[in-house]
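What follows is a single structure, written as structure tokens, with notes after it.
Numbering (the working numbering), first residue to last: 356 to 783.
Shown next, in the form of structure tokens:
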């Protein structure tokens with residue numbers, strides 16, 4: 356641990372160290388976002404292609420996507436478009452520019468999303484958990500996210516949307532901290548673009564009084580975006596093709612359970628190839644989250660307490676990444692678990708947290724200890740480490756939430772309610 360007097364020092368050397376940490380993180384992300392390469396990002400091409408079809412009034416869920424993809428990116432395999440119709444405004448906006456220009460803008464915005472993520476999380480931590488000013492906390496968080504989390508670099512390189520979803524998760528945390536309902540509604544709407552997260556977060560938000568109105572607004576906005584996304588030449592056929600694509604999701608090698616972390620990885624290992632469909636997992640997730648909320652609600656006086664609400668959202672985002680099928684790059688949203696660190700006091704839970712964070716952040720690096728060359732074996736090891744890491748992160752998060760949900764004396768309850776709840780002692 357770095358001595359507190361060094362972190363709070365006003366010397367030029369310490370200030371320079373904070374600046375150097377932030378600039379190092381930015382330089383590392385910059386080389387990933389703007390490299391000298393000849394290939395087009397794997398994931399971003401689907402957003403550009405779908406946007407081009409939407410701009411022309413067509414649907415990205417039929418064979419037209421592959422036809423256009425082979426014409427624009429010859430020699431590249433084109434999978435079906437699995438993202439929901441609510442992506443239409445974003446994809447259409449990206450497709451207004453030529454592919455290379457759009458990719459450069461997307462990568463730049465991805466880097467800025469990580470900067471804002473660190474800024475928002477630092478704003479919560481500096482006021483609640485650490486006696487550091489906002490800028491110093493931001494420098495530490497940004498350097499940690501950019502330099503230590505391997506999935507950050509991968510997401511930027513392949514053009515994943517997870518940087519923006521991670522920003523949405525951080526914005527939701529910040530909105531609860533500041534009681535900003537408008538930001539909460541926008542953050543929830545953005546998170547709903549990723550179905551793996553929407554079910555868990557939506558179920559949890561139902562039991563947090565402050566989030567109920569933003570949740571209703573987010574659901575309405577998502578429904579509106581979905582209708583807009585299906586407003587093509589043949590809307591019923593587009594909807595049918597979208598459902599068909601979802602059923603094909605597990606048929607592609609990169610989406611096999613051994614290549615993904617969480618619940619499906621475990622069921623595949625235990626039951627010899629059996630995996631749950633996305634619909635089954637969605638139903639299972641919704642029931643599980645509602646049951647968990649009801650149990651917590653029975654134990655708690657109410658989820659008016661800001662600190663309990665923050666922990667609950669972190670728990671349900673982590674649960675969403677574990678229960679639903681996720682790749683290594685999807686685990687970026689788990690960086691919000693950084694807010695748990697100062698509140699975990701017992702040694703066993705600290706060990707769980709540290710090992711879990713190490714596995715999630717550096718699973719690809721740790722996999723070389725078991726498999727030297729890239730291949731199926733290494734991918735399985737990465738998925739295994741990610742799965743174990745998520746479980747280990749969930750243990751202290753759930754324990755902390757359970758402790759916070761316990762009934763408090765009347766005088767304690769009255770002191771913890773309100774718009775700007777005072778920082779609760781770590782571990783309470």
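For glycine and all other residues, C-beta sits at the position ideal for the given N, C-alpha and C.
Bear in mind the structure is a predicted one, so any value in this text is a computation, not a measurement.
C-beta contact flag for residue i and residue j at 8 Å
i, j, result
"residue 555", "residue 712", "no"
"residue 479", "residue 497", "no"
"residue 593", "residue 401", "no"
"residue 607", "residue 434", "yes"
"residue 420", "residue 404", "yes"
"residue 694", "residue 528", "yes"
"residue 706", "residue 718", "no"
"residue 561", "residue 545", "no"
"residue 340", "residue 663", "The shown model of the chain, from 356 to 783, leaves out residue 340, and the question about it has no answer."
"residue 583", "residue 491", "no"
"residue 383", "residue 502", "yes"
"residue 614", "residue 506", "no"
"residue 460", "residue 447", "no"
"residue 412", "residue 596", "no"
"residue 797", "residue 414", "What the structure shows of the chain is the stretch from 356 to 783, and residue 797 is not part of that stretch, so it cannot be assessed."
"residue 692", "residue 669", "yes"
"residue 440", "residue 581", "yes"
"residue 539", "residue 530", "yes"
"residue 591", "residue 570", "no"
"residue 741", "residue 723", "no"
"residue 454", "residue 427", "yes"
"residue 532", "residue 661", "yes"
"residue 600", "residue 399", "no"
"residue 494", "residue 377", "yes"
"residue 708", "residue 665", "no"
DSSP three-state assignment for residue i, whether helix, strand or coil
i, result
"residue 722", "helix"
"residue 655", "Annotation note: pLDDT 49 at residue 655 (below 50); position unreliable, coordinate value reported separately. Of the three classes helix, strand and coil, the one that applies to residue 655 here is coil, per DSSP."
"residue 616", "strand"
"residue 611", "coil"
"residue 751", "helix"
"residue 486", "coil"
"residue 442", "helix"
"residue 421", "helix"
"residue 454", "helix"
"residue 435", "coil"
"residue 669", "helix"
"residue 426", "helix"
"residue 397", "coil"
"residue 758", "helix"
"residue 472", "helix"
"residue 699", "coil"
"residue 373", "helix"
"residue 379", "helix"
"residue 708", "helix"
"residue 782", "Low per-residue confidence applies at residue 782: pLDDT is 38, beneath 50, and the placement is therefore not dependable, though the value from the model is reported in the following sentence. Three-state DSSP puts residue 782 in coil, outside helix and strand."
"residue 600", "helix"
Residues sharing a beta bridge with residue i, DSSP
i, result
"residue 681", "616"
Nearest-angstrom Cβ-Cβ length linking residue i and residue j, presumed shorter than 8 Å
i, j, result
"residue 577", "residue 547", "5 Å"
"residue 672", "residue 552", "6 Å"
"residue 667", "residue 559", "6 Å"
"residue 699", "residue 755", "7 Å"
"residue 689", "residue 676", "6 Å"
"residue 687", "residue 504", "7 Å"
"residue 449", "residue 457", "5 Å"
"residue 611", "residue 602", "At roughly 15 Å, the Cβ-Cβ gap does not stay under 8 Å, so residue 611 and residue 602 are not in contact."
"residue 617", "residue 680", "7 Å"
"residue 397", "residue 465", "About 14 Å; that fails the 8 Å criterion."
Closer than 8 Å to chain B by CB, residue i
i, result
"residue 531", "Structure shown: chain B not included; a single protein chain is present."
Q. Which parts of the stretch 547–597 are runs of the alpha helix (DSSP H), unbroken and 4 residues or longer, counting only runs that do not cross its ends?
A. Qualifying alpha helix (DSSP H) stretches, in chain order: 550–560, 567–585.
Query - Every unbroken alpha helix (DSSP H) inside the stretch 476–522 [4 residues or more] - result: Those alpha helix (DSSP H) runs which fall completely within the stretch 476–522 and span 4+ residues are 489–503, 505–513.
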